[in-house]
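Asks: Protein chains in written order, with full-length UniProt numbering: chain A, 1 to 403; chain B, 1 to 403.
The structure's right below; bear with me while I get my questions together.
2 protein chains.
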Amino acid sequence: MKKVDGLLEEHGRSKIEVYVDWENGNYVPKEVFEAMKPFYLEKGFANPAITHRLGWETYELYVETKEKLVQPLNISPQDFYITHGLTESNNIAIRGVAKANKKRKKIITSSVEHLSIIHSSRYMKSQGYKIEEIPVYSNGTIDLDSLQNMIDEETLLVSVQLANHEIGSIQPLREVIEIVKDKNKETLVHSDMSAAFGRMKINLNELEIDLATFDSSRVLGPKGIGGLYVKEGVHVKPLLEGQLSVETLSPGVEIMPLIAGFAKTIELEFENFDEKIKNLINLRNKLLYGLYTTIPKTLINGAEGEKRIADNVNLSFLGCEGEALTVECSMNGIYTSSGSACSSRILMPSHILTAIGRRPEEAHGSLLMKLSRLNTEEQIKYILETMPKVVSRLRKITGSIEL
Amino acid sequence: MKKVDGLLEEHGRSKIEVYVDWENGNYVPKEVFEAMKPFYLEKGFANPAITHRLGWETYELYVETKEKLVQPLNISPQDFYITHGLTESNNIAIRGVAKANKKRKKIITSSVEHLSIIHSSRYMKSQGYKIEEIPVYSNGTIDLDSLQNMIDEETLLVSVQLANHEIGSIQPLREVIEIVKDKNKETLVHSDMSAAFGRMKINLNELEIDLATFDSSRVLGPKGIGGLYVKEGVHVKPLLEGQLSVETLSPGVEIMPLIAGFAKTIELEFENFDEKIKNLINLRNKLLYGLYTTIPKTLINGAEGEKRIADNVNLSFLGCEGEALTVECSMNGIYTSSGSACSSRILMPSHILTAIGRRPEEAHGSLLMKLSRLNTEEQIKYILETMPKVVSRLRKITGSIEL
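As structure tokens, this is what we get:
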């Protein structure tokens, strides 16, 4: 890799900057930071399981904070378990469920899940489990008939995310649950809701789901904290071994500043929720269809309309390469990511774009822009003005496409 | 449990407050908080593995921060892996080493390890591993002859902490390594150094150890972040499954605010290190021997002199019960913990006090006070004045001891 200093110098810094890479990182709003501050400096820093004044105070603050945190989900705080984030939540949902329910040995997921689900399932395969992946249509939603055929007596768990984190397709979760419980009411249903929470209405009680994953950093909160909803009566075990405190699915003392930040960002997210979502969908449509209609040879990745989550813009610009796109965008102050194999040090091609049938040359030119409540109309305008120049320049350089 | 509100009201609040429960929770010094602040609000919030300006900037900040972080340990940043804290580090040290080295199936630990080591070993036992525990002397240090006899061809790993987190005994780690490598040079040695780091000199390079655990919150840093040192060439695998970013033993995006806080607290801890440790030992001795000599029927738990880590005060007040002690201390503004079974909602009796041969009635009256660089001479004086009254009142109530 080139020395970063040099890269940054050559690169310069755009006058206008627009951050639409909320999938991969976020700063926190000032109010969220202010909510964490006292827990770092002056209160709620004790172990809530310890019997002294500061322990009790911390316990009280913990209970209060957690009540606030689960309020928009309409569930009891007892059914929401704090974890270190979506990776741990998803690991527990697959492997912790298997650990606690040893009779049935088959797990069904979809082919477009987050890598923490895909890799957890592969791990279970190495432990003798049967793993099956539900195929998806070209819009990224799962094939319910395949699911129906996969469920059998042996099926322990079906894990299907609510909205895809990369291409935004919303899965028919209500139907998934109906099909599963109809065929084998013992089979548990888990959903990674981290890419859907805060972008659409979710009423867990009404859904009759068994487990669901949430993450603070996916709703502009601090990294390093998340949760797993577990319906009362569902058996699940922690994956890390150690000393439990008040929380029982992830050992160690409760991380109060992060829990408080998580609760605050949820409070902010759900203020005037309907209006916020309407606004987000409006911005998203302007950006998605604005780019699609003004830049030729462009494909929309993922579902459209009601089936697309409110914050997701993902397009493939044919004849462009992912890393070149993110760098050229960056030079223009637009921060995005790509599902291309070469667009990050991770060097992972997107299994999601492959699953929806994108050919390599289509996946290479993909660009993910995620919006948040912090993005504005002006920013969308700037992206719409800038991207045609970005794409056109790259296409000229590579000469790979006839325009 | 009694409603916490009521408890706090009855309880009142002492005019003088002394926090010596650093083992179980900590606020962070203002400088540590200030070091985290920009990473929450304005910089280094991107994914360091993503190819855009903010990703590269985050990567640079990450590299810089990590170099600072490992500086007092005299190791390369590449050999220090960031984790969510000591629980994850210890789990990886036992289970992640076993996952990556499948040939040998015996693990040796000591009987006084942190529960994350003890429970990780038990987990490996359930997977068919042979687990042996080195017994300890009454001062809490391990029996090296027993260790010598335990090591065989099958031994994958020996895990012995550097200093005990509860009774402060420092283990003869140099001898442990010599004995192990002498008998089987393939056997790996891990040490949980979380209770020793920042309280004594540690030069990992010189020690020739294979793996070592560290935790930010044990040196007044933020919770939720820690590390595992892994000597170059030693094989180990992550335990959580998911998408790796720059760090490779714990999947997920790097949590820069916490990494920055961890680095800052280490910088502060190691300023004028020798003087700080001298001062800590001085305060510790005043408190430990002050209480021991002025309160009758008191036992010192753990080793003394050079063999006791600088911050640890642990005594058993015969005829007292742990929960009553922590509550009565709390009423007087002194915040401590106890190894007694009833002193926390965890309801775990201390396996450590049992291992050093304390009878139940001795373990019940145990009180742990941990000091930090934030404690003062005046605070020690206050504790020394107050504790005789606390113990005497409790002994009168229970009438369990002849004074």
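Every residue gets a Cβ at the ideal spot worked out from N, C-alpha and C, and that includes glycine.
Consult DSSP for A:Asn149 and reduce its assignment to one of helix, strand or coil.
Replies: helix
Asks: Tell me the DSSP secondary structure of B:Phe33 in three-state form.
Replies: helix
Asks: In chain order, what residues of the same chain lie with their CB nearer than 8 Å to the CB of A:Gly198, ignoring the 5 residues before and after it?
Replies: Arg218, Val219, Ile266, Glu269 and Phe270
Asks: Expressed to the nearest angstrom, what Euclidean distance is found between the alpha-carbon atoms of B:Met150 and B:Asn285?
Replies: 36 Å
Asks: Have a look at B:Ile94, B:Ile134, B:Gln161 and B:Arg104 and flag the residue whose alpha-carbon is nearest the alpha-carbon of B:Arg122.
Replies: B:Ile94
Asks: With a threshold of 16 other CB atoms inside 10 Å of the CB of B:Arg13, please say whether the residue is buried or exposed.
Replies: It counts as exposed.
Asks: Write down the C-beta distance between A:Leu368 and A:Glu166 rounded to the nearest angstrom, noting that I regard them as a contact closer than 8 Å.
Replies: 6 Å
Asks: Using a Cβ-Cβ cut-off of 6 Å (strictly less than) and excluding sequence neighbours within five positions of A:Val70, which residues of its own chain qualify?
Replies: Pro77 and Phe80
Asks: Mapping the DSSP letters down to three states, classify B:Thr398 as helix, strand or coil.
Replies: helix
Asks: Here's the rule: buried if 16 or more other CB atoms are within 10 angstroms of the residue's CB, otherwise exposed. What is A:Gly233?
Replies: exposed
Asks: Does any CB atom of chain A fall closer than 8 Å to the CB of B:Val327?
Replies: It does: the Cβ of B:Val327 has a partner Cβ on chain A nearer than 8 Å.
Asks: Would B:Gly128 be called buried (16 or more neighbouring beta carbons within 10 Å of its own) or exposed?
Replies: exposed
Asks: Would B:Thr141 be called buried (16 or more neighbouring beta carbons within 10 Å of its own) or exposed?
Replies: Buried, because 16 or more other Cβ atoms sit within 10 Å of the Cβ of B:Thr141.
Asks: Taking Cβ-Cβ distances shorter than 9 Å, what residues in chain B pair up with A:Asp21?
Replies: Within 9 Å Cβ-Cβ: Ala46, Asn47, Ile50, His52, Leu54 and Gly55.
Asks: Measure from the C-beta of B:Glu361 to each C-beta in chain A and report whether the shortest distance is under 8 Å.
Replies: no
Asks: Using the C-alpha atoms, what's the distance from B:Lys264 back to B:Val32?
Replies: 6 Å
Asks: Which same chain residues end up closer than 7 Å to B:Val230 when comparing Cβ atoms and leaving out the 5 residues on each side of it in sequence?
Replies: Asp79, Tyr81, Leu211 and Val236
Asks: Evaluate the contact criterion for the region 145–162 of chain B versus the region 289–307 of chain B: three or more CB pairs, one atom per stretch, below 8 Å.
Replies: In short, these stretches do not touch, since the Cβ pair count stays below three.
Asks: Please report the distance separating the alpha-carbon of A:Ile179 from that of A:Ala355.
Replies: 22 Å
Asks: For A:Gly333, which option in A:Ile118, A:Val390, A:Gly319 and A:Val63 has the closest C-alpha, if you only look at C-alpha atoms?
Replies: Of A:Ile118, A:Val390, A:Gly319 and A:Val63, the smallest CA-CA separation from A:Gly333 is found for A:Val390.
Asks: Contact between the region 39–59 of chain A and the region 18–30 of chain B is defined here as three or more beta-carbon pairs at a separation below 8 Å; is this criterion met?
Replies: yes
Asks: Name the two residues that bound the continuous alpha helix (DSSP H) containing B:Ala260.
Replies: Met256 to Glu269
Asks: What's the call for A:Glu88, buried or exposed, on a 16-neighbour Cβ count within 10 Å?
Replies: buried
Asks: What would DSSP say about B:Ser116, mapped onto helix, strand or coil?
Replies: In this structure, B:Ser116 counts as helix in the three-state DSSP scheme.
Asks: Verify the CB distance criterion: does B:Thr213 have a CB-CB separation below 8 Å to chain A?
Replies: Between B:Thr213 and chain A, the shortest Cβ-Cβ separation is not below 8 Å.
Asks: When the Cα atoms are used, what is the spatial distance from B:Ile50 to A:Ser338?
Replies: 9 Å
Asks: So, is B:Asn164 buried or exposed, given that buried needs 16 or more other C-beta atoms within 10 angstroms?
Replies: buried
Asks: Any C-beta of chain A within less than 9 Å: which residues of the region 165–178 of chain B qualify?
Replies: none
Asks: I need the straight-line Cα distance from A:Ile281 to A:Asn205, nearest angstrom please.
Replies: 26 Å
Asks: Between B:Gly302 and A:Ile170, what straight-line distance do the alpha-carbon atoms span, to the nearest angstrom?
Replies: 58 Å
Asks: Quick one, are the C-beta atoms of B:Val28 and B:Gly261 less than 8 Å apart?
Replies: yes
Asks: Which residues in the same chain have their Cβ closer than 6 Å to the Cβ of A:His351, if we skip the five residues on either side of it in sequence?
Replies: Same-chain partners within the cutoff: there are none.
Asks: Nearest CA to the CA of B:Arg359: which residue from B:Gly319, B:Glu378 and B:Ile380?
Replies: B:Gly319
Asks: Taking the beta carbon of B:Arg373 as the centre, do at least 16 other beta carbons fall within 10 Å, making it buried, or is it exposed?
Replies: It is buried - the Cβ of B:Arg373 has at least 16 other Cβ atoms within 10 Å.
Asks: Name the two residues that bound the continuous alpha helix (DSSP H) containing A:Gly12.
Replies: Boundaries cannot be given for A:Gly12, as no alpha helix (DSSP H) includes it and DSSP labels it neither H nor E.
Asks: Cβ closer than 7 Å: which chain A residues qualify as neighbours of B:Ile255?
Replies: Lys223 and Gly224
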